[in-house]
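**Q** For the sequence shown, the positions run 114 to 541 when our numbering is used. Beta carbons: idealized from backbone N, C-alpha and C, even for Gly. One structure, as structure tokens, below. Some questions next.
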Amino acid sequence: MHQMQKLTSQSESKIDHLSVKLDRVLASIENLESSFGQIDTSAPSTRTNLAGNTPLSLAGSALLHKTPAEDHSGSELQRDAVLATQAAFATKFAQKAVDSSHLQQVSPDVRPCLDALRDELKERGPGHGDPKPPEIHGISADASQHHFTLPPIQLAMAAIHKLKESSHLRFCWCMEIDVGQFVDYFFTVYSGTPSLADQIIVHCGLHNLLVPYGKQQKDKTSQDIKSQASLCQQNLESILANLPFSIPSTYDFALALLMTTTYFVQRCSMSQAWSYLAAAAQICLTLGYHREVPSKPEKKQERQRRVRLFWLVYIMDKLLALRLNRPPLLRDRDITVSYEGYGETAVDSSLPIAPKWIKMGMLYGRIYDEIFSPGALLQPSTPREARARELAVELDCLFESKDPVEESFMEELPEHPDDLLPRLQCEK
Numbered sequence: 114m115h116q117m118q119k120l121t122s123q124s125e126s127k128i129d130h131l132s133v134k135l136d137r138v139l140a141s142i143e144n145l146e147s148s149f150g151q152i153d154t155s156a157p158s159t160r161t162n163l164a165g166n167t168p169l170s171l172a173g174s175a176l177l178h179k180t181p182a183e184d185h186s187g188s189e190l191q192r193d194a195v196l197a198t199q200a201a202f203a204t205k206f207a208q209k210a211v212d213s214s215h216l217q218q219v220s221p222d223v224r225p226c227l228d229a230l231r232d233e234l235k236e237r238g239p240g241h242g243d244p245k246p247p248e249i250h251g252i253s254a255d256a257s258q259h260h261f262t263l264p265p266i267q268l269a270m271a272a273i274h275k276l277k278e279s280s281h282l283r284f285c286w287c288m289e290i291d292v293g294q295f296v297d298y299f300f301t302v303y304s305g306t307p308s309l310a311d312q313i314i315v316h317c318g319l320h321n322l323l324v325p326y327g328k329q330q331k332d333k334t335s336q337d338i339k340s341q342a343s344l345c346q347q348n349l350e351s352i353l354a355n356l357p358f359s360i361p362s363t364y365d366f367a368l369a370l371l372m373t374t375t376y377f378v379q380r381c382s383m384s385q386a387w388s389y390l391a392a393a394a395q396i397c398l399t400l401g402y403h404r405e406v407p408s409k410p411e412k413k414q415e416r417q418r419r420v421r422l423f424w425l426v427y428i429m430d431k432l433l434a435l436r437l438n439r440p441p442l443l444r445d446r447d448i449t450v451s452y453e454g455y456g457e458t459a460v461d462s463s464l465p466i467a468p469k470w471i472k473m474g475m476l477y478g479r480i481y482d483e484i485f486s487p488g489a490l491l492q493p494s495t496p497r498e499a500r501a502r503e504l505a506v507e508l509d510c511l512f513e514s515k516d517p518v519e520e521s522f523m524e525e526l527p528e529h530p531d532d533l534l535p536r537l538q539c540e541k
């Protein structure tokens, strides 16, 4: 056990050291004259600079802005091989920029930093960053029958009541679910008869709520709330570690798996996030959520919720697929359900999904298909580069376009910059 802790500490130290050196390299070349036309742009297919520049409309509000774990300690970063691959590409790209004859006034510190950075990457070795499953906290395999220690119901209800009143907390909370809908799951779990899906939804929701709520409190109250948020996180990871291989195809499980996906995205564990998203997407396809005409009659609220769930899965799918350089799980040609007018017809108080965000996801899918997919990489570099420039223009136009639903959402954001500090601190 002591040896494992020692190795973990050493790995975290290396990651921190690598990050510092990469920051120094990028800072050194940031203001230099650039001439990328002279630099080989045939990057590895894991490059995601387009996906990384996600606008606030997507990164800030659609899924990626929620409250992550309180203390990451860098452990999730070292588990994801994709991040290590992208660090290697960033190093290679920086080296090409420094070596270019068109870049003058290169700081003497840059080259030693690049050399040291390459050495750090080599020391990691292949497979060092492979994702690992969540830590198991010693519960039975049938997690749905396990009685977890839950946060005091008075504290949880106070936080939920505050959530209903505070637009700031709603901004920091879950995009996937309405407050009233969450309360139904909440009482199911606290009544002692929950399913696995119920427990995942409630623990994700409470964790995402208690972290920013605790930051609004002071002294001992704040510490108590933070400890309850950590308890929710421990319970959640125990449940996830014991999920069965075969999961029922229900709305509840699709929602639970999507919330789990967001949880791992917040922790920078993209490969694990993709695994849960794949399961959520398969459930959506099995239930026919991608079709305009449902397989059976549904009420207005049921339709609104299943359409909302599907498009949130769709947006996350396109973001993660480009981020991880994988084919999207949901293909546009298979989708007939409409998103036009969805944001204006919501029947609950959940945050709306702007059609602009869905269009952004569609464009990300095209970027993968036409630039980074195996078939696209077989094409000559000249037409592929021309296509990349065309897609970049489309992306810029979409960034600048106006969307009434998005503008309405932006009006809900805290007016003073200091009001955003709890959210920014949550995302560290």
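What residue ranges within the stretch 442-502 form continuous alpha helix (DSSP H) runs of no fewer than 4 residues, ordered along the chain?
**A** 468-480 and 487-490
**Q** Cα separation between Ile471 and Pro410?
**A** By 1-based counting over the sequence shown, the position of residue 471 is 358. By 1-based counting over the sequence shown, the position of residue 410 is 297. Looking at the two C-alpha atoms, the distance is approximately 26 angstroms.
**Q** Count Cβ pairs between the stretch 371-387 and the stretch 332-344 that sit closer than 8 angstroms; are there 3 or more?
**A** no
**Q** Sorted by chain position, which residues of the same chain lie with C-beta nearer than 7 angstroms to Ala392's C-beta, five sequence neighbours on each side aside?
**A** Mapped onto the sequence shown, residue 392 falls at position 279. Closer than 7 angstroms at the Cβ level, and outside the excluded window around Ala392, lie Ile360 and Leu370.
**Q** With DSSP as the reference, label Cys287 as helix, strand or coil.
**A** Indexing the sequence shown from 1 puts residue 287 at position 174. Note: Cys287 maps to coil in three-state DSSP.
**Q** Compare the Cα-Cα distances from Leu442 to each of Leu309, Val450, Asn355 and Tyr427 and report the closest residue.
**A** Your numbering for residue 442 matches position 329 in the sequence shown. Comparing Cα-Cα distances from Leu442 to each of Leu309, Val450, Asn355 and Tyr427, the minimum goes to Tyr427.
**Q** Arg404 by DSSP, collapsed to three states: which one?
**A** What you label residue 404 is simply residue 291 of the sequence shown in a count that begins at 1. Arg404: coil per DSSP, three-state reduction.
**Q** Find out if the Cβ-Cβ distance for the pair Gly474, Lys413 is shorter than 7 angstroms.
**A** Here residue 474 is taken as the residue at index 361 of the sequence shown, counted from 1. Here residue 413 is taken as the residue at index 300 of the sequence shown, counted from 1. Contact: no.
**Q** Using 10 angstroms around the beta-carbon of Gln267, count the other beta-carbons present and answer buried if the total reaches 16, otherwise exposed.
**A** Walking along the sequence shown from the start, residue 267 turns up at place 154. Answer is exposed; the Cβ neighbour count stays below 16.
**Q** Would you identify the three-state DSSP class for Gln330, choosing helix, strand or coil?
**A** By 1-based counting over the sequence shown, the position of residue 330 is 217. Note: Gln330 maps to coil in three-state DSSP.
**Q** Determine the burial state of Asp291: buried for a count of at least 16 other Cβ atoms within 10 Å of its Cβ, exposed for fewer.
**A** Numbered from 1 along the sequence shown, position 178 holds the residue referred to as residue 291. Classified as buried, Asp291 has 16 or more neighbouring CB atoms from the shown chains inside 10 Å of its CB.
**Q** Going by the beta-carbon positions, is the gap between Glu483 and Arg502 smaller than 7 angstroms?
**A** One-based indexing of the sequence shown puts residue 483 at position 370. One-based indexing of the sequence shown puts residue 502 at position 389. In this structure, Arg502 does not lie closer than 7 angstroms to Glu483 by Cβ.
**Q** In terms of residue numbering, what span does the alpha helix (DSSP H) encompassing Arg436 cover?
**A** Translated into the one-based positions of the sequence shown, residue 436 becomes position 323. It spans Lys413 to Leu437 - the alpha helix (DSSP H) in which Arg436 sits, taken as one unbroken run.
**Q** Would Glu483 count as contacting chain D if we go by Cβ distances under 7 angstroms?
**A** Looking at the structure shown, chain D is missing, and only one protein chain is on hand.
**Q** Report yes or no: do the stretch 338-358 and the stretch 291-307 share at least 3 C-beta pairs separated by less than 8 angstroms?
**A** no
**Q** Hey, how far is the Cα of Leu491 from the Cα of Pro440?
**A** Residue 491 sits at position 378 when you count from the first residue of the sequence shown. Residue 440 sits at position 327 when you count from the first residue of the sequence shown. Rounded to the nearest angstrom, the two C-alpha atoms are 16 angstroms apart.
**Q** For the 8 angstroms Cβ check, are there 3 or more pairs between the stretch 268-279 and the stretch 308-327?
**A** yes
**Q** Would you call the CB atoms of Ile396 and Ser362 closer than 7 angstroms?
**A** The residue given as residue 396 occupies position 283 in the sequence shown. The residue given as residue 362 occupies position 249 in the sequence shown. Contact flag set, yes.
**Q** Please look up how many angstroms separate the CB atoms of Lys469 and Asp516, rounded, as I've assumed it's under 8 angstroms.
**A** Translated into the one-based positions of the sequence shown, residue 469 becomes position 356. Translated into the one-based positions of the sequence shown, residue 516 becomes position 403. That belief holds up - the Cβ atoms of Lys469 and Asp516 are roughly 4 angstroms apart, short of 8 angstroms.
**Q** Using a 10 Å radius around the Cβ and a threshold of 16 neighbouring Cβ atoms, would you call Lys328 buried or exposed?
**A** Position 215 of the sequence shown, counting from 1, holds the residue named residue 328. With 16 or more other Cβ atoms within 10 Å, it is buried.
**Q** For His325, does the three-state DSSP call read helix, strand or coil?
**A** Sequence index remark: in the sequence shown, residue 325 carries index 212 (1-based). Note on identity: in this sequence residue 325 is Pro, with His being the wrong assignment. Reduced to three states, the DSSP call for Pro325 is helix.
**Q** Looking at the structure shown, is Arg380 part of a helix, part of a strand, or coil, going by DSSP?
**A** To locate residue 380, count along the sequence shown from 1; it is residue 267. Coil.
**Q** Give me the Cα-Cα distance between Leu433 and Pro493, rounded to the nearest whole angstrom.
**A** Taking the sequence shown and counting its residues from 1, the one referred to as residue 433 is at position 320. Taking the sequence shown and counting its residues from 1, the one referred to as residue 493 is at position 380. Using only the alpha carbons, I get a separation of about 26 angstroms.
**Q** Which residue comes first and which comes last in the alpha helix (DSSP H) that contains Asp297?
**A** As a first step, residue 297 must be located in the sequence shown, where it is residue number 184. Element bounds for Asp297: Val292 to Tyr303.
**Q** Using the C-alpha atoms, what's the distance from Pro357 back to Val506?
**A** In the sequence shown, the residue the question calls residue 506 occupies position 393. In the sequence shown, the residue the question calls residue 357 occupies position 244. So the alpha carbons of these two residues sit roughly 45 angstroms apart.
**Q** From Ser304 to Leu263, what distance separates their C-alpha atoms?
**A** In the sequence shown, the residue the question calls residue 304 occupies position 191. In the sequence shown, the residue the question calls residue 263 occupies position 150. Taking the straight line joining both Cα atoms gives about 11 angstroms.
**Q** Report yes if the C-beta distance between Leu227 and Gln208 is below 7 angstroms; otherwise report no.
**A** The sequence position of residue 227 within the sequence shown is 114, counting from 1. The sequence position of residue 208 within the sequence shown is 95, counting from 1. For Leu227 and Gln208, yes; Cβs fall inside 7 angstroms.
**Q** Reducing DSSP to helix, strand and coil, say where Ser279 ends up.
**A** Residue 279 sits at position 166 when you count from the first residue of the sequence shown. Coil.
**Q** Which same chain residues end up closer than 8 angstroms to Leu511 when comparing Cβ atoms and leaving out the 5 residues on each side of it in sequence?
**A** One-based indexing of the sequence shown puts residue 511 at position 398. Only Lys469, Lys472, Met473 and Leu476 meet the Cβ criterion.
**Q** Mind checking whether Cys285 and Pro325 have CB atoms under 7 angstroms apart?
**A** Position 172 of the sequence shown holds residue 285. Position 212 of the sequence shown holds residue 325. One thing to note: Cys285 has its Cβ within 7 angstroms of the Cβ of Pro325.
**Q** Assign Pro307 to buried or exposed, taking buried as 16 or more other Cβ atoms, counted over all protein chains shown, within 10 Å of its Cβ.
**A** One-based indexing of the sequence shown puts residue 307 at position 194. Per the 10 Å Cβ criterion, buried.
**Q** For Asn355, which three-state DSSP category applies?
**A** Translated into positions along the sequence shown, residue 355 becomes position 242. Looking at Asn355 - three-state DSSP - the assignment turns out to be coil, as it is neither helix nor strand.
**Q** For my contact list, Ala310 and Asp365 are in at a C-beta cut-off of 8 angstroms; report their separation, rounded to the angstrom.
**A** Reading the sequence shown from its first residue, position 197 is the one you call residue 310. Reading the sequence shown from its first residue, position 252 is the one you call residue 365. That belief holds up - the Cβ atoms of Ala310 and Asp365 are roughly 4 angstroms apart, short of 8 angstroms.
**Q** According to the neighbour-count rule (16 or more other Cβ atoms, all chains shown, within 10 Å of its Cβ), is Thr399 buried or exposed?
**A** As a working note, residue 399 is residue 286 in the sequence shown. Result: exposed.
**Q** Would you tell me roughly how many angstroms separate the C-alpha atoms of Val367 and Thr374, rounded to the nearest one?
**A** Your numbering for residue 367 matches position 254 in the sequence shown. Your numbering for residue 374 matches position 261 in the sequence shown. Note on residue identity: the sequence assigns Ala, not Val, to residue 367. In a straight line, the C-alpha of Ala367 is about 11 angstroms away from that of Thr374.
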